[in-house]
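Numbering (our numbering), first residue to last: 37 to 102. Report on the following structure.
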């Protein structure tokens, strides 16, 4: 969790940096329990008890096609 134990201003700065890296072509894998942070990501995978519970809508479509 890249923003764990950070104040809100520093957490925003970290997320802004991760988004910038992603725009520049980097793949970012982030684990968080914060739904607001997860909402900033273009894709989400929800895992419960080690099992994939849900994929974001664009990933569901891809999974059906593949």
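Glycine is no exception: its CB is placed at the ideal position from the N, C-alpha and C atoms. Small disclaimer: the values here were computed from a predicted structure and weren't measured.
Check                                                                                                  : Outcome
Residue 39 to residue 86 span [Cα, whole Å]                                                            : 22 angstroms
Among 58, 57, 52 and 80, nearest to residue 71 - alpha-carbon criterion                                : 80
Continuous alpha helix (DSSP H) assignments of at least 4 residues falling wholly in the segment 43-88 : 44-59 and 71-75
Cβ shell of residue 55 (< 8 angstroms), same chain only, five flanking positions each side left out    : 76
Distance, residue 74 Cα to residue 97 Cα                                                               : Note on residue 97: pLDDT 44, under 50, position unreliable in the model; the coordinate value appears next. Distance between the alpha carbons of residue 97 and residue 74 is about 20 angstroms.
Where residue 51 falls, given that 16 or more other Cβ within 10 Å makes a residue buried              : buried
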